[in-house]
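The structure appears below as structure tokens.
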Amino acid sequence: MMRPGFLACAALVMVMAACQEPPATEPVARGRQVFRQQGCAECHRIDGSGGTLGPDLSHIATVAAGRRAGASPEEYIRESLDSPGAYVVPGYNDVMPRGLTRRLSAFEVDSLVRYLMTHR
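For reference, each letter of the sequence shown is one residue, going 297 to 416 in my numbering.
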């Protein structure tokens, strides 16, 4: 005879597995998933949603164009992911976690950059 607790746990595991969003294959959609799954929205706001500990990223592609002399917006965003302390936006502390790009595949990093580049 199965225990009720075991059945409840098994049902919960099945429900959680069914609710997980499968990884997107289109880069911008995958970048959006990475942004959510890696907890970026805990600190960064996009279009009025998210945290305020880090800079608002609603217009990051436009803002990044003038942020670092000689760097394209895409290069600046990639550098911010690879080396968060290389440039800290005035008014914010250098608290972005290190090692993000080491935890992600090259496709996920590229997708995250492409997703952020859609915010002009």
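All C-beta atoms in this analysis are idealised placements derived from N, C-alpha and C, irrespective of residue type, glycine included. Here the structure is a predicted model, which means the values were calculated and not measured.
Buried versus exposed call for residue i [16 or more other C-beta atoms within 10 Å across all chains shown]
i                 : result
glutamate 404     : buried
leucine 408       : buried
serine 376        : buried
alanine 360       : buried
glycine 347       : exposed
arginine 398      : exposed
arginine 416      : exposed
cysteine 305      : For cysteine 305, the predicted model reports a pLDDT of 43, less than 50, meaning its position is unreliable; a value from the coordinates is still stated below. Exposed.
phenylalanine 302 : Any reading at phenylalanine 302 must be qualified, since the residue scores a pLDDT of 44, below 50, and its modelled position is unreliable; no value is offered.
CB of residue i within 9 angstroms of CB of residue j, strictly
i             : j             : result
glutamate 317 : glutamine 329 : yes
alanine 382   : proline 369   : no
Sequence-distant residues of the same chain with beta carbon closer than 7 angstroms to residue i, five excluded per side
i              : result
tyrosine 411   : Val324, Gly327, Arg328, Phe331
aspartate 406  : Pro323
aspartate 343  : Ser354
arginine 394   : Pro380
proline 351    : His340, Val385, Tyr388
tyrosine 372   : Ala360, Arg363, Arg364
methionine 392 : Gly350, Pro380
glutamate 338  : Gly347
Residue span of the alpha helix (DSSP H) that contains residue i, given as start and end
i             : result
arginine 364  : First-last for arginine 364: undefined, no H or E at that position.
glutamate 338 : Looking at the DSSP string, glutamate 338 is not in any alpha helix (DSSP H), and its letter there is neither H nor E.
aspartate 406 : 402–413
threonine 397 : 396–399
Cβ neighbours of residue i in the same chain (closer than 6 angstroms, five flanking residues each side left out)
i              : result
glycine 387    : none
methionine 374 : What sits at residue 374 in the sequence shown is arginine, not methionine. Val409.
leucine 396    : Leu377
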